[in-house]
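Enquirer: Anchor point for the sequence shown: position 252 equals 263 in this note's numbering, and the numbering is continuous, going up by one each time.
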Amino acid sequence: MPRQGLLGIDTLTRPEIEQILDRARDFQPRPDESFRKFNILTGRMVVNLFFEASTRTRTSFEIAAKHLGADAVSITAQASSVSKGESLVDTLNTLAAMRPDAIVMRHASSGAPHFLQRYLETPIINAGDGTHEHPTQALLDARTILDRGAKLEGLRVAIIGDIAHSRVARSNVYLLSKFAADIVLCGPASLLPKELAQIATGVTLTTDMNEAIRDADVIMMLRVQLERQHEAAFPASEYFRFYGLRPEHLRLAKPDLIVMHPGPINRGREISSEVADSQRSVILNQVENGISVRMAVLERVLAGEKTNGTAH
Ligand code: ASP
Numbered sequence: 012m013p014r015q016g017l018l019g020i021d022t023l024t025r026p027e028i029e030q031i032l033d034r035a036r037d038f039q040p041r042p043d044e045s046f047r048k049f050n051i052l053t054g055r056m057v058v059n060l061f062f063e064a065s066t067r068t069r070t071s072f073e074i075a076a077k078h079l080g081a082d083a084v085s086i087t088a089q090a091s092s093v094s095k096g097e098s099l100v101d102t103l104n105t106l107a108a109m110r111p112d113a114i115v116m117r118h119a120s121s122g123a124p125h126f127l128q129r130y131l132e133t134p135i136i137n138a139g140d141g142t143h144e145h146p147t148q149a150l151l152d153a154r155t156i157l158d159r160g161a162k163l164e165g166l167r168v169a170i171i172g173d174i175a176h177s178r179v180a181r182s183n184v185y186l187l188s189k190f191a192a193d194i195v196l197c198g199p200a201s202l203l204p205k206e207l208a209q210i211a212t213g214v215t216l217t218t219d220m221n222e223a224i225r226d227a228d229v230i231m232m233l234r235v236q237l238e239r240q241h242e243a244a245f246p247a248s249e250y251f252r253f254y255g256l257r258p259e260h261l262r263l264a265k266p267d268l269i270v271m272h273p274g275p276i277n278r279g280r281e282i283s284s285e286v287a288d289s290q291r292s293v294i295l296n297q298v299e300n301g302i303s304v305r306m307a308v309l310e311r312v313l314a315g316e317k318t319n320g321t322a323h
């Protein structure tokens, strides 16, 4: 029986998500201590295959693998030198020859890891595919919300920015919807596809930032994904005026509001420095939780009897 990777949140059940989030808590460091090291994955090899730029996700997966005793190797490939189809199969054959136990993969094309998984027994963990999913981001976001003592059920979560190109938004919508949260997607009309209201239950859309923020428990700000836009969807100079999060917005939300951002943040573009550095911001908690959540995911995918994944 081939091992299961992690391609998206959409296909996970609520108990599976809860299991990962609970396990991630076991891996969280105590205040003022560093992460503990484990021997759970000693002798395992994780290959990080990144076709798109990444700082935090790639580093976080590498650190998580090492904390569990696994070896981690990173390969970066310029998206421009890789075309879909044949070259992905070439990459697959190259990797199969290295016999890794898991592949952590980021690719600019939505569905690339799903395509590769059809040819590969080695489990693939999706570290972001195009505008589709970024499952470990949604899991670390959920862990960060839960750490505040909040329940996900009934929470009002406003996700604001470039919704159209955001895999972070999609994975969060899938996850939060499984926990019956109240999800508001907000951005300029050109970056807010109407179809997104249909992908899960509990989703509403608005182009009005004040309306999105009113009574919110959580605000998730998104970066404008210029690398995925073929034409300017909104003039840069006006963006901050209409969709930049500033201190005056916070008064509309619940008093114990938290502000999140998957990073990289663009100060003065989608979030002001005052908000990013305020007591409300849990942006660095998200980064820290990235490690414990990825430890939980790697353990889930890799722990147990060792088998050799081969291409067929
Ligand atoms: N780091 C996140 C991603 O890879 C968000 C972003 O890049 O804006 O999707």
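Where a beta carbon is used, it is the ideal one built from N, C-alpha and C, also for glycine.
Tell me, to the nearest whole angstrom, how far the beta carbon of residue 194 is from that of residue 184; I am working on the premise that it is less than 8 Å.
Expert: Contact flag correct, Cβ pair sits at about 6 Å.
Enquirer: Comparing alpha-carbon positions, which option in 190, 232 and 198 lies nearest residue 212?
Expert: Checked all of 190, 232 and 198; the closest Cα to residue 212 is 190.
Enquirer: Just the C-alpha distance for residue 300 and residue 236, rounded to the nearest angstrom, thanks.
Expert: So the two alpha carbons sit approximately 23 Å from each other.
Enquirer: If you follow the alpha helix (DSSP H) that residue 186 is part of, which residue opens it and which one closes it?
Expert: First-last of the alpha helix (DSSP H) with residue 186: 178 to 189.
Enquirer: For the segment 18 to 34 against the segment 97 to 110, are there 3 or more C-beta pairs whose distance is under 8 Å?
Expert: Contact fails: fewer than three Cβ-Cβ distances are below 8 Å.
Enquirer: With the ligand ASP as the reference, list in chain order each residue whose Cβ lies under 7 Å from any of its heavy atoms.
Expert: This criterion selects 65, 67, 68, 139, 145, 148, 177, 178, 179, 233, 234, 236, 273, 274 and 275.
Enquirer: Considering Cα atoms alone, identify which of 129, 143 and 59 is closest to residue 109.
Expert: Closest option to residue 109, Cα to Cα, is 59.
Enquirer: For residue 140, which three-state DSSP category applies?
Expert: Strand at residue 140.
Enquirer: Among 112, 73, 45 and 25, whose alpha-carbon lies nearest the alpha-carbon of residue 16?
Expert: Nearest option by C-alpha distance: 112.
Enquirer: What is the DSSP secondary structure of residue 196, counted as helix, strand or coil?
Expert: Three-state DSSP puts residue 196 in a strand.
Enquirer: Using the Cα positions of residue 99 and residue 126, report the straight-line distance between them to the nearest angstrom.
Expert: When rounded, the distance between both Cα atoms is 9 Å.
Enquirer: What does the alpha-carbon distance come out to for the pair residue 176 and residue 141?
Expert: Whole-angstrom Cα-Cα distance: 8 Å.
Enquirer: In the structure shown, what three-state DSSP assignment does residue 169 receive?
Expert: Three-state DSSP puts residue 169 in a strand.
Enquirer: Please state whether DSSP places residue 91 in a helix, a strand or coil.
Expert: With a pLDDT of 40 at residue 91, under the threshold of 50, the predicted position of this residue should be treated as unreliable, and no value is reported.
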